[in-house]
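These notes are about the structure you will find just below.
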Amino acid sequence: MAKNYFYIITLLVLLFSLSVTAQETKQQPRTQETATIEGLSLYPNPVSNGKVYISTKNDLDKEIIIFDVLGKKVLQTVMSSKELNVSNLSSGVYIIKINEKEASATRKLIIR
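For the sequence shown, counting from 1, position 39 maps to 39 in this note's numbering; every step adds exactly one.
Rendered as structure tokens:
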């Protein structure tokens, strides 16, 4: 009888240690690893003349990607100046993603 209790206790300890190990190996949530763009300025917003000006502290080349509200990419370009021509886009609300070196920023862009 004592032998049966020993096996039951051993089995319970084994199951408990496996469940603790499984809980410890859960993945931690990923943190955002990209830095934000220092000194980012996006103007005018809302855009009414078909041109938007984007400047940063470093003024390096920037990759610009513009998405509509459904997530469809409507414009992608690399710009070295501060002026971006958006006159070919219809009036509405867009999401603009700006990448400069390893830094990235996302903003809402309104075109009238």
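No residue lacks a Cβ here, since even glycine has one placed at the ideal position from N, Cα and C. Since the structure is predicted, the reported quantities are computational estimates derived from the model, not experimental observations.
Rounded straight-line distance, which links the Cα of residue j to that of residue i
i    : j    : result
S104 : E38  : 10 Å
G71  : I96  : 11 Å
T56  : A35  : 14 Å
D61  : K108 : 21 Å
Three-state secondary structure (DSSP) of residue i
i   : result
T36 : coil
Option nearest residue i by Cα separation, candidates the options
i   : options                : result
N49 : T77, K101 and S91      : S91
K51 : L89, E83 and E100      : E83
T77 : S41, L40, E100 and V47 : E100
V69 : L42, L89 and Y53       : L89
I98 : D59, E63, I110 and Y43 : E63
Beta carbon proximity, residue i to chain C, threshold 8 Å
i   : result
I66 : The structure shown contains no chain C; it holds only a single protein chain.
Beta strand (DSSP E) segment containing residue i, residue limits
i    : result
R107 : A103 to I111
Report task. At 3 residues or longer, and completely inside the region 44-100: list those beta strand (DSSP E) runs for me, N to C. Result -> 51-55, 62-68, 73-79, 83-85 and 92-100
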